[in-house]
Ligand SMILES: Nc1ncnc2c1ncn2[C@@H]1O[C@H](COP(=O)(O)OP(=O)(O)OP(=O)(O)O)[C@@H](O)[C@H]1O
Ligand SMILES: [Mg+2]
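Numbering (our numbering), first residue to last: 2 to 361.
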């Protein structure tokens, strides 16, 4: 069932159309992420669901009911933003109980609900402290407690982790997902961080320039990008021009300028249009570098390492194959390849996906 639904939603600010005909569903009880670069319209969508912004066109439905004309205080929503914005001169207990007061909840009921919310975010017993007496991550959990204490129909999260440092951010994303799972609230999460989206979401909606580019489970959008934008926005991808050279029952033979012919399984080429050309996508971590002379599995081409970005257990290599510039992320066995090393770049046909050639 749909927790939230957007039907042909458009939002214009004067001459700028921030959201262009967006048609998406956020399933009841699920964790859905709006992912895309800065300015693509993510916050605008969240603000329209919240009632902070009215759509220029289309409908917004919550639990099947049209809410376009329902004011914000009548929509039962929990909001968490990047800056957790706790009231500094109020205690944690007062901060969390804020929304309850407006809903006419009695003092003793409020105290019970606050206690339960603090248990859920794993910070029991901090009611009487002040925000500055908590760490950034703890304050963000309080902001979450404040959003869920009202038992919202929908939880709206706009880059709630981006103000935290890297380690805490990774810890909190596990925590946040676990909390969402425990209370089962329909959640819409906004981020421009692809690893956050992949790690946390039941479903990802990839956006660019106000439009939805692809909707799917994390492994779906990662492994089967619908277009070049999605392929390059989610992780580092190598994209090669290919032409169809032939086909049999199981595979489609794609001819490339540098790797000869690659027999890509049909199931990996479902996006290929009717035309005889397309674009082959291979993830950087699937491109394998081996020393010349070793056995090549799949198809190979000779190349030269131009630069190395050492990352501990793995290295990102920038490799030149003829006039092609490729990226490979490989585990380091022994020592990383240095710049100038001659290598064989190998591609496993199973690891490829194919897109229609884009009209330039
Ligand atoms: N109140 C407004 N008035 C005019 N233009 C606006 C307004 N709010 C947003 N926009 C424009 O709409 C577009 C989408 O903005 P939005 O804030 O939704 O992007 P975003 O995807 O959340 O980006 P970010 O990742 O940077 O937060 C941008 O071009 C922005 O400049
Ligand atoms: Mg935003």
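Glycine included, every Cβ here is placed at the ideal spot set by N, Cα and C.
CA-to-CA distance, residue j to residue i, given in whole angstroms
i: residue 97; j: residue 19; result: 33 angstroms
i: residue 321; j: residue 239; result: 12 angstroms
i: residue 64; j: residue 5; result: 6 angstroms
i: residue 359; j: residue 15; result: 31 angstroms
i: residue 173; j: residue 181; result: 12 angstroms
i: residue 353; j: residue 269; result: 7 angstroms
i: residue 31; j: residue 224; result: 21 angstroms
i: residue 76; j: residue 355; result: 43 angstroms
i: residue 117; j: residue 150; result: 8 angstroms
i: residue 262; j: residue 246; result: 8 angstroms
i: residue 272; j: residue 198; result: 23 angstroms
i: residue 66; j: residue 78; result: 14 angstroms
i: residue 188; j: residue 294; result: 52 angstroms
i: residue 357; j: residue 343; result: 32 angstroms
i: residue 41; j: residue 210; result: 4 angstroms
i: residue 170; j: residue 70; result: 36 angstroms
i: residue 221; j: residue 351; result: 15 angstroms
i: residue 108; j: residue 34; result: 35 angstroms
i: residue 287; j: residue 328; result: 10 angstroms
i: residue 302; j: residue 324; result: 12 angstroms
i: residue 130; j: residue 136; result: 12 angstroms
Delimiting residues of the alpha helix (DSSP H) encompassing residue i
i: residue 120; result: 108–121
i: residue 178; result: 167–184
i: residue 99; result: 93–102
i: residue 223; result: 219–224
i: residue 137; result: 137–149
i: residue 195; result: 195–201
i: residue 229; result: 229–234
i: residue 43; result: 43–51
Top-ranked residue by Cα proximity to residue i, from the options
i: residue 123; options: 133, 140, 108, 112; result: 140
i: residue 38; options: 2, 208, 93; result: 208
i: residue 82; options: 334, 191, 29; result: 191
i: residue 89; options: 318, 102, 105, 132; result: 132
i: residue 304; options: 277, 340, 69; result: 340
i: residue 250; options: 143, 91, 265, 158; result: 265
i: residue 259; options: 245, 241, 273; result: 241
i: residue 284; options: 347, 84, 276; result: 347
i: residue 119; options: 301, 148, 34; result: 148
i: residue 68; options: 155, 84, 221, 36; result: 155
i: residue 228; options: 87, 274, 186, 248; result: 274
i: residue 153; options: 51, 319, 326; result: 51
i: residue 178; options: 253, 193, 134, 121; result: 121
i: residue 349; options: 306, 235, 326, 300; result: 300
Own chain partners of residue i with C-beta closer than 7 angstroms, once the 5 adjacent residues on each side are dropped
i: residue 25; result: 7, 206, 213, 216
i: residue 101; result: 111, 114, 150, 151
i: residue 87; result: 96, 132, 140, 143, 144
Beta-carbon contacts of residue i that lie in its chain and below 6 angstroms, excluding the five residues immediately before and after
i: residue 127; result: 93
i: residue 232; result: 226, 238, 282
i: residue 243; result: 255, 257, 279, 281
i: residue 203; result: 31, 32
i: residue 29; result: 2, 4, 187
i: residue 158; result: 81, 190
i: residue 185; result: 30
Chain-order list of residues whose beta-carbon lies under 8 angstroms from that of residue i (same chain, five-residue window excluded)
i: residue 10; result: 20, 22, 23, 24, 46, 49, 56, 58, 59, 60, 61
i: residue 54; result: 12, 45, 48
i: residue 316; result: 309, 310, 330, 331, 333, 337, 338
i: residue 138; result: 165, 169, 172, 173
Exposure label - residue i; buried when at least 16 CB within 10 Å
i: residue 160; result: buried
i: residue 332; result: exposed
i: residue 73; result: exposed
i: residue 289; result: buried
i: residue 292; result: exposed
i: residue 298; result: exposed
i: residue 195; result: buried
i: residue 335; result: exposed
i: residue 125; result: exposed
i: residue 313; result: exposed
Residue i: first and last residue of the uninterrupted beta strand (DSSP E) it sits in
i: residue 18; result: 17–28
i: residue 14; result: 3–14
i: residue 318; result: 315–322
i: residue 347; result: 343–348
i: residue 311; result: 300–312
Residue i: CB within 6 angstroms of a non-hydrogen atom of ligand 3
i: residue 44; result: Ligand 3 is not part of the structure shown, which contains ligand 1 and ligand 2 as its ligands.
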